[in-house]
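Reviewing the structure listed below.
There are 2 protein chains.
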Amino acid sequence: MTTSGASSAKPAAAGTEGAAISDGAASDRRHAGQRGRKPRMADVARVAGVSHQTVSRVLNHSPAVRPETRERVLAAIAELGYRRNVAARALVTQASRTFGVVTFGAELYGPSSTLMGVESAAREAGYYVSLANMSTVDSKSVHSAIDHFIEQDVDGLVVVTTSIEGDDTFESLGLDIPIVVVGAGRKPRADEIPVAVDQELGARLAVRHLVESGHEEIVHLTGPRDSFDARARVVGYRAEMEAAGLKPHPVIVGDWTSQQGYEVGKSMSASALPSAIFAGNDPMALGLIYALTEAGYDVPGDVSVVGFDDVPGAEYYRPPLTTVRQNFEELGRQCIAALLKALEDKGKPHLAPIKPELVIRQSTAPPRRD
Amino acid sequence: MTTSGASSAKPAAAGTEGAAISDGAASDRRHAGQRGRKPRMADVARVAGVSHQTVSRVLNHSPAVRPETRERVLAAIAELGYRRNVAARALVTQASRTFGVVTFGAELYGPSSTLMGVESAAREAGYYVSLANMSTVDSKSVHSAIDHFIEQDVDGLVVVTTSIEGDDTFESLGLDIPIVVVGAGRKPRADEIPVAVDQELGARLAVRHLVESGHEEIVHLTGPRDSFDARARVVGYRAEMEAAGLKPHPVIVGDWTSQQGYEVGKSMSASALPSAIFAGNDPMALGLIYALTEAGYDVPGDVSVVGFDDVPGAEYYRPPLTTVRQNFEELGRQCIAALLKALEDKGKPHLAPIKPELVIRQSTAPPRRD
DNA sequence: ACCGTAATTGTTAGCGTTAACATAGTGAGT
DNA sequence: ACTCACTATGTTAACGCTAACAATTACGGT
Numbered sequence: 166m167t168t169s170g171a172s173s174a175k176p177a178a179a180g181t182e183g184a185a186i187s188d189g190a191a192s193d194r195r196h197a198g199q200r201g202r203k204p205r206m207a208d209v210a211r212v213a214g215v216s217h218q219t220v221s222r223v224l225n226h227s228p229a230v231r232p233e234t235r236e237r238v239l240a241a242i243a244e245l246g247y248r249r250n251v252a253a254r255a256l257v258t259q260a261s262r263t264f265g266v267v268t269f270g271a272e273l274y275g276p277s278s279t280l281m282g283v284e285s286a287a288r289e290a291g292y293y294v295s296l297a298n299m300s301t302v303d304s305k306s307v308h309s310a311i312d313h314f315i316e317q318d319v320d321g322l323v324v325v326t327t328s329i330e331g332d333d334t335f336e337s338l339g340l341d342i343p344i345v346v347v348g349a350g351r352k353p354r355a356d357e358i359p360v361a362v363d364q365e366l367g368a369r370l371a372v373r374h375l376v377e378s379g380h381e382e383i384v385h386l387t388g389p390r391d392s393f394d395a396r397a398r399v400v401g402y403r404a405e406m407e408a409a410g411l412k413p414h415p416v417i418v419g420d421w422t423s424q425q426g427y428e429v430g431k432s433m434s435a436s437a438l439p440s441a442i443f444a445g446n447d448p449m450a451l452g453l454i455y456a457l458t459e460a461g462y463d464v465p466g467d468v469s470v471v472g473f474d475d476v477p478g479a480e481y482y483r484p485p486l487t488t489v490r491q492n493f494e495e496l497g498r499q500c501i502a503a504l505l506k507a508l509e510d511k512g513k514p515h516l517a518p519i520k521p522e523l524v525i526r527q528s529t530a531p532p533r534r535d
Numbered sequence: 166m167t168t169s170g171a172s173s174a175k176p177a178a179a180g181t182e183g184a185a186i187s188d189g190a191a192s193d194r195r196h197a198g199q200r201g202r203k204p205r206m207a208d209v210a211r212v213a214g215v216s217h218q219t220v221s222r223v224l225n226h227s228p229a230v231r232p233e234t235r236e237r238v239l240a241a242i243a244e245l246g247y248r249r250n251v252a253a254r255a256l257v258t259q260a261s262r263t264f265g266v267v268t269f270g271a272e273l274y275g276p277s278s279t280l281m282g283v284e285s286a287a288r289e290a291g292y293y294v295s296l297a298n299m300s301t302v303d304s305k306s307v308h309s310a311i312d313h314f315i316e317q318d319v320d321g322l323v324v325v326t327t328s329i330e331g332d333d334t335f336e337s338l339g340l341d342i343p344i345v346v347v348g349a350g351r352k353p354r355a356d357e358i359p360v361a362v363d364q365e366l367g368a369r370l371a372v373r374h375l376v377e378s379g380h381e382e383i384v385h386l387t388g389p390r391d392s393f394d395a396r397a398r399v400v401g402y403r404a405e406m407e408a409a410g411l412k413p414h415p416v417i418v419g420d421w422t423s424q425q426g427y428e429v430g431k432s433m434s435a436s437a438l439p440s441a442i443f444a445g446n447d448p449m450a451l452g453l454i455y456a457l458t459e460a461g462y463d464v465p466g467d468v469s470v471v472g473f474d475d476v477p478g479a480e481y482y483r484p485p486l487t488t489v490r491q492n493f494e495e496l497g498r499q500c501i502a503a504l505l506k507a508l509e510d511k512g513k514p515h516l517a518p519i520k521p522e523l524v525i526r527q528s529t530a531p532p533r534r535d
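Residue numbers (the working numbering), protein chains in the order written: chain A, 166 to 535; chain B, 166 to 535.
What follows is the structure, encoded as structure tokens:
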């Protein structure tokens, strides 16, 4: 109705060809950019016969817009296939609506699953997810990742690491955005929000299962020394052993790999075997079982083995692996929830650690009576 | 040296407190934002005693800057801990320096590895990587992902899918950004750039190994019908069989899961067993072997099994799995190379498919003579 | 009819950067 | 010495959006 009047009133600001858009406005031009430039707010405004600010208001769900006007604007948006320009928005609001995720070695099942959980939760909340995967956890790569994200002006950061090394590095940055550190099982630093699966509980579940099966000599093959998760599992292992009145053995330090598990299994086979082994993760358990079997031992006949993670396929290992399942999806979801809360409250939310779950399969059995 | 004089010259535009930055400029304020706002180009310019445009030139490596001036600017940048604002940059250049990656079910080893390859290559090239993982490949979620990225104004898109379903959907979008589709083993559509591992070759390698070991009755357990990769492997299987003068068997259709492999193995065990099975991926091979073993057969004694992917741990399966390794890292790298080339040439680069590699372990052996 | 108040909508001014053009220096060629 | 071309730098104007404020309209109470 007032469309033509408005369009001639202002010669479309830009030096290019502002008219290219209004011609044939009625045609079905979904994704624009076919001819002429992408539509901007002003174009929508012109078609709807309102000011660009009203369009902005509609997009931002301002209550100060008459329903009738809103309809008109929405129709114009649909007609033009208009999409708001995030860069312009970010520039003026100082918020990129992007979360950065730093992972370390995300080829592994745990980190990659966590990442996917984070991603889906973030997207649901209307945030973009920017990724940086580092192969090593040295302070140089941590800094490089942080730089990457600061530059990108992310609104929050999720750090998926199990290592201590990377940890200290975050401390001194003095960033003014919320940071969630996944898998840090220690007291949180000044401005970090810890989110984690209750590793200690997971370990206790595993050990308890072994104890209840009648095992007394239970050895723990743990992850690398600098891993928080690994440490927490060690704590859980010791606690549960003691709770059962059993003497914890010195832990054997591994590095999460099947290779390492295999080596440990081989050297164990050479000397006296415990009656049960609690491996820090499934790959190590896999290697371990391989070595044990190779040496002529039967799992679980001679030795029971419990893993941790429940990687895909663990069900079809031989024997099917008894293990502790972590809900990574939920973990990722919590990360985003924490970030979101920190962003609106300016306060650090406190989240209950996620409960892992014991999955009993066939790599564990009561000890052989001898 | 000229700092204080310059700061009084211009009352710092912003309504906040622009002076907060120039006071104590000599102190080590790496990441700024402690007090006052983040420094912007104008702040750097003031400290360096140049115009903001010169700072921009230095940042963009313009040759039209005297080395001496460049030094001064660089020093000011370091002193202030200045970081360029990507949103502002994106707004004016119409380029976000971000690539979007759509994955479907990236909990799996292949997609997630590819993603990491893409990420590292992109970051190396100075691009940000935005992620969207979809659990299903229906056209609704494809559209949703695309929308997500269009809105974000990504400069290019990497689609990691093996499915046909998602494919048609990309066609009609008429996006004006380059799109790389990973794993599409068919003729590329209008504006897509295909990047892939040579699946057909991989399959031939696997089958050839079996043939050379003396097998004649080789069955192929393939991936889902709508997967390009699966199809290409079927083609390779048939081609190699025929090349060896052998009759290809009808393929058995699976769905990539261990579960499915197990089911197939069970029903195979009930009837006559072939002398060798070529599984479409490692998880299926794992389930298959489990079922076969459970039924009392020996692998590779009674049946040889070859997998595809070389997932971590395959080395410690029982028996260690003979499989075909794909270099996902390289695949990701090629995706970015393709995108980059398309972006500068405006032409569609043609890349040679990546050669997979046969890894011979112990799940294959010459057939039993009977 | 007149004013105040609330409900809508419009106008203006940046956000921080780059592109385009303008301007000042610097030698070289005549 | 004087212009020409070139080099190095500065100035101005967008990019597309939101925030803050200004303006208009409608409505109820006096």
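Ideal Cβ placement from N, Cα and C applies to all residues, glycine included.
Could you round the C-beta distance between residue i and residue j to whole angstroms and report it? I think they count as a contact, below 8 Å.
{"i": "Tyr293 of chain B", "j": "Ser295 of chain A", "result": "5 Å"}
{"i": "Ala441 of chain A", "j": "Ala450 of chain A", "result": "Rounded, the Cβ-Cβ distance is 12 Å, inconsistent with contact."}
{"i": "Thr263 of chain B", "j": "Gln317 of chain B", "result": "7 Å"}
Taking the CB atoms as reference points, tell me whether residue i and residue j lie closer together than 8 Å.
{"i": "Val471 of chain B", "j": "Pro521 of chain B", "result": "no"}
{"i": "Val251 of chain A", "j": "Leu239 of chain A", "result": "no"}
{"i": "Val372 of chain B", "j": "Pro439 of chain B", "result": "no"}
{"i": "Thr279 of chain A", "j": "Phe493 of chain A", "result": "yes"}
{"i": "Gly452 of chain A", "j": "Ser434 of chain A", "result": "no"}
{"i": "Tyr247 of chain A", "j": "Pro204 of chain A", "result": "yes"}
{"i": "Leu508 of chain A", "j": "Asp312 of chain A", "result": "no"}
{"i": "Glu244 of chain A", "j": "Val212 of chain A", "result": "yes"}
For residue i, I'd like the list of residues in its chain whose CB is within less than 6 Å of its CB, leaving aside the five on either flank, ordered along the chain.
{"i": "Gly198 of chain A", "result": "Unreliable placement is indicated for Gly198 of chain A, whose pLDDT of 37 sits below 50; the coordinate value is still reported in the next sentence. Excluding sequence neighbours, Gly198 of chain A sits near nothing in its chain."}
{"i": "Glu405 of chain B", "result": "Arg369, Val372, Arg373"}
{"i": "Val345 of chain B", "result": "Val323, Ile358, Val360, Cys500, Ala503, Leu504"}
{"i": "Gly426 of chain B", "result": "Met449, Gly452, Leu453"}
{"i": "Ala255 of chain B", "result": "Ser261"}
Work out the CA separation of residue j and residue i for me, nearest whole Å.
{"i": "Glu289 of chain A", "j": "Phe269 of chain B", "result": "16 Å"}
{"i": "Asn225 of chain B", "j": "Val524 of chain A", "result": "56 Å"}
{"i": "Ala310 of chain B", "j": "Gly401 of chain A", "result": "42 Å"}
{"i": "His196 of chain B", "j": "Met299 of chain A", "result": "With a pLDDT of only 39 at His196 of chain B, under 50, the local geometry of the prediction cannot be trusted, and no value is derived from it."}
{"i": "Tyr419 of chain B", "j": "Ser528 of chain B", "result": "Here residue 419 of chain B turns out to be Gly, not Tyr, going by the sequence shown. Between Gly419 of chain B and Ser528 of chain B, the C-alpha separation is close to 20 Å."}
{"i": "Val347 of chain B", "j": "Arg235 of chain B", "result": "42 Å"}
{"i": "Gln491 of chain A", "j": "Asp474 of chain A", "result": "6 Å"}
{"i": "Thr219 of chain A", "j": "Arg249 of chain A", "result": "14 Å"}
{"i": "Met281 of chain A", "j": "Asp208 of chain A", "result": "37 Å"}
{"i": "Ala184 of chain A", "j": "Glu495 of chain B", "result": "Its pLDDT being 33, under 50, Ala184 of chain A is placed unreliably by the model, and the measurement read from it follows with that caveat. Spanning the two alpha carbons is a distance of roughly 46 Å."}
{"i": "Leu386 of chain A", "j": "Leu457 of chain A", "result": "14 Å"}
{"i": "Gly367 of chain B", "j": "Val376 of chain B", "result": "14 Å"}
{"i": "Val267 of chain A", "j": "Ser221 of chain B", "result": "29 Å"}
{"i": "Lys506 of chain B", "j": "Ala286 of chain B", "result": "13 Å"}
{"i": "Glu272 of chain B", "j": "Arg398 of chain A", "result": "24 Å"}
{"i": "His217 of chain B", "j": "Met206 of chain B", "result": "6 Å"}
Using only alpha-carbon positions, find the residue among the options that is nearest to residue i.
{"i": "Ile242 of chain B", "options": "B:Val215, B:Arg231, B:Arg526, B:Glu407", "result": "B:Val215"}
{"i": "Val378 of chain A", "options": "A:Asp208, A:Pro228, A:Arg534, A:Pro204", "result": "Note on residue identity: the sequence assigns Ser, not Val, to residue 378 of chain A. Among A:Asp208, A:Pro228, A:Arg534, A:Pro204, the Cα nearest to that of Ser378 of chain A is on A:Arg534."}
{"i": "Glu382 of chain B", "options": "B:Glu365, B:Phe314, B:Val220, B:Leu411", "result": "B:Leu411"}
{"i": "Gln364 of chain B", "options": "B:Pro204, B:Pro518, B:Ala207, B:Ala530", "result": "B:Pro518"}
{"i": "Leu486 of chain A", "options": "A:Gly282, A:Tyr455, A:Ser261", "result": "A:Tyr455"}
{"i": "Pro465 of chain B", "options": "B:Asp475, B:Val476, B:Gly478, B:Arg483", "result": "B:Arg483"}
{"i": "Ser261 of chain B", "options": "B:Phe393, B:Ile342, B:Val429", "result": "B:Ile342"}
{"i": "Pro531 of chain B", "options": "B:Gly430, B:Ala287, B:Arg403, B:Ser469", "result": "B:Ser469"}
{"i": "Ala479 of chain B", "options": "B:Asp447, B:Ala207, B:Thr387", "result": "B:Asp447"}
{"i": "Ser432 of chain A", "options": "A:Glu459, A:His414, A:Ala297, A:Arg403", "result": "A:Glu459"}
{"i": "His414 of chain A", "options": "A:Arg403, A:Pro477, A:His515", "result": "A:Arg403"}
{"i": "Val283 of chain A", "options": "A:Trp421, A:Ser304, A:His515, A:Gly497", "result": "A:Gly497"}
{"i": "Ile315 of chain B", "options": "B:Gly265, B:Val362, B:Ser304, B:Gly291", "result": "B:Gly265"}
{"i": "Leu516 of chain B", "options": "B:Val416, B:Ser392, B:Val362", "result": "B:Val362"}
Below 7 Å CB to CB, which residues in the same chain sit around residue i once its five sequence neighbours on both sides are set aside?
{"i": "Asp467 of chain A", "result": "Leu438, Arg533"}
{"i": "Arg390 of chain A", "result": "Val418"}
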